[in-house]
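A short worksheet on the structure shown next.
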Amino acid sequence: MARRMYAAFLAMAVATSPGAAWAQAQSPAATQAEAQALDLLKRGIAFRTVAGEGNQTFEYATYLKSVLVAGGFADEDVTVERLGDTAWLAARYRGTGKAKNGAKPLLISGHMDVVEAKPSDWERDPFTAVVENGYIWGRGASDMKYDLSTMVATLLQLKREGFKPGRDILLLLSGDEETSMKTTAALADKFHDAELLLNIDGGGGEYDEAGKPIVFGVQGAEKTYADFELTFTNPGGHSSAPRRTNAIYSLSRALSRIGAYEFPAQIDEITRASLLAAAENAPAPLADAMRRFVANPDDKEALKTLRDDPSYVGQTGTTCVATMITAGHARNALPQKAVANINCRIFPGVKVADVQKTLAEVVGDPSMTIVELDSGSRASDASPLRPDLMKAVTKAVRARFPKVPVVPVMSAGATDSMWFRAAGVPSYGISPIFMKSSDGFAHGLNERTPLSELGPSITYYKSLLADLAK
Ligand SMILES: [Zn+2]
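Here it is in structure tokens:
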């Protein structure tokens, strides 16, 4: 959904250059895979995989299946199943079953759907891939047909090379990650008996604006998204005859209390690691607060410093904030109704119902009703920082950029991973792509990604799969 959501958090703090040359010669073996990845990407962008009328996700999945089967996958090992107006795909790369820590499959997750794009708003047709000035342009060029095409090309390259993993590798592609996530839920339900999941639509690297790599994030946790609607009602009446109770006054009192309330400080393995990494390069008072908070989350002063900073407040616990209000129906009438939306980003491990209860207690007004709106989000615990995973990712990243810090991150967004984490599969966002923040056009106009990431992505995936599926 939004793989760059941690960018502001890390890029602000981690601003040193790793120094060493980051250019890498292209290995000749990768050439064929790279050409195939580009071909898959161009053809993939042409499928209008947008939710609703004319959704071509099933057609795209069918096309991908034909490519996988032509490249050596058995027909019965690639499943495409329709669900509503979309579809999911599962492709099994068979292993020997001799992996040393059991033979549960390694899952790779991505999505085939894209966010709507109106051709009239774009400089170019969003569903016609254009290669220009070293970039590929089109809807999905960044989120996430690029990662998907390079992964498919990598699996086919591994087939050509006769690679036999110790465990099965299962490529799982959802078809509605940007909307209802029903295919993700179906996939997580069907394939939850797995060793771990690599989400190629999460995490990833950052370049500074000069093109130097500055950090690589491994998304190991995400906050739960929740909206609560607070409502006060009142019989109302003529504004010339005010009552003692007023829905707008009641709502504003409630909002003041919520605004003043802070949820308890929280820390886990992932935020501890990412705060310590960020402290390496943050300005002194902030770096000091990060280290003191990690040493003692009850350090009130350190907590205040972090919570005063919008880039870090979300890393220290649950946050809830008023985002919308509507109230009243006429200038000369007492309001019969006042409603506010409270948007919460809930720390992993905290129940949504407990946050709702806390909000009601903070307001302390029994005349208020509070309802959780259905956002399609799912609560999930943080995934453990597995040493085998971190080692394999660090090795794959450092083969390209030897000094780049590889840092675990908790994101604020809702990716496919939350469904798998909730089903008990440790899940990690590990997209190979490094991007400048000025190139981040996912979900926006004129989406694009530099073609220079194609070859290195394939090399990275091969290293990662060799290490984690052996
Ligand atoms: Zn995405």
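Going by mature numbering (1 follows the signal peptide of the UniProt record, and there is no 0), the letters in the sequence shown line up with residues -23 to -1, 1 to 447, in that order.
Ideal Cβ placement from N, Cα and C applies to all residues, glycine included.
In this text, all values refer to a predicted model and were calculated from it rather than measured experimentally.
Asked, Found
"For Tyr70, which beta-bridge partners are listed by DSSP?", "Ile146"
"Which of helix, strand or coil does DSSP assign to Ala130?", "helix"
"Going along the chain, which residues of its own chain have a beta-carbon closer than 7 Å to the beta-carbon of Phe140, five neighbours each way excluded?", "none"
"Using the rule of at least 16 other Cβ atoms within 10 Å of the residue's Cβ for burial, across every protein chain shown, is Arg220 buried or exposed?", "exposed"
"Could you check what DSSP says for Met367 in three-state terms: helix, strand or coil?", "helix"
"Is Met121 near ligand 1, in the sense that its beta carbon is under 6 Å from a heavy atom of that ligand?", "yes"
"Report yes if the C-beta of Asp90 is less than 6 Å from at least one heavy atom of ligand 1; otherwise report no.", "no"
"The beta strand (DSSP E) with Gln196 in it runs from where to where?", "Pro190 to Glu199"
"Let me check you understand the geometry: is the CB of Asp166 closer than 6 Å to at least one non-hydrogen atom of ligand 1?", "no"
"Pick out whichever of Ala242, Asn273, Ile247 and Asp342 has its Cα sitting closest to the Cα of Thr293.", "Ala242"
"Following a CB-centred definition, is Asp145 positioned closer than 6 Å to any heavy atom of ligand 2?", "Ligand 2 is absent from the structure shown, which contains only ligand 1."
"Quick test of the definition: if touching needs 3 or more C-beta pairs under 8 Å, does the stretch 163 to 173 touch the stretch 289 to 304?", "no"
"Tell me the DSSP secondary structure of Thr105 in three-state form.", "coil"
"Can you tell me whether Asp90 is buried or exposed? The criterion is at least 16 other CB atoms within 10 Å of its CB, across all chains shown.", "buried"
"Going along the chain, which residues of its own chain have a beta-carbon closer than 7 Å to the beta-carbon of Leu336, five neighbours each way excluded?", "Phe205, Ile235, Cys297, Ile319 and Ile347"
"Could you say which of Leu350, Val27 and Gly74 lies nearest to Ala203 if we only look at CA atoms?", "Leu350"
"Does the stretch 183 to 190 touch the stretch 385 to 397, meaning 3 or more C-beta pairs lie closer than 8 Å?", "no"
"Locate the alpha helix (DSSP H) running through Gly334, then write down its first and last residues.", "A small correction: the amino acid at residue 334 is Lys; Gly does not occupy that position in the sequence shown. Element bounds for Lys334: Val329 to Val340."
"Run through the DSSP bridge pairs and tell me what Trp114 is partnered with.", "Val107 and Arg425"
"My understanding is that Gly143 touches Gly72, with C-beta atoms under 8 Å, so please give their C-beta distance in whole angstroms.", "5 Å"
"Measure the beta-carbon distance from Val195 to Tyr405 and round it to whole angstroms, keeping in mind my assumption that it falls under 8 Å.", "6 Å"
"Could you compute how far the alpha carbon of Thr371 sits from the alpha carbon of Leu441?", "9 Å"
"Closer than 8 Å is the cut-off here; do at least three beta carbon pairs connect the stretch 424 to 433 with the stretch 110 to 120?", "yes"
"What does the Cβ neighbour count give for Lys122, buried or exposed, with the cut at 16 atoms within 10 Å?", "buried"
"Drop a sphere of 10 angstroms on the beta-carbon of residue 453, count the other beta-carbons inside from all chains shown, and report buried for 16 or more, exposed for fewer.", "Nothing about residue 453 can be reported from this structure: the residues present for the chain run from -23 to 447 only."
"Kindly indicate which residue of Pro409, Glu424 and Gly421 has the alpha-carbon position closest to the one of Lys439.", "Pro409"
"Report the option in Ser119, Ala399 and Asp166 whose CA atom is closest to the CA atom of Ala419.", "Ser119"
"Does the count of Cβ pairs from the stretch 356 to 367 and the stretch 154 to 167 closer than 8 Å reach three?", "no"
"When we look at the beta-carbon of Asn32 and count the other beta-carbons within 10 Å, is it buried (16 or more) or exposed?", "buried"
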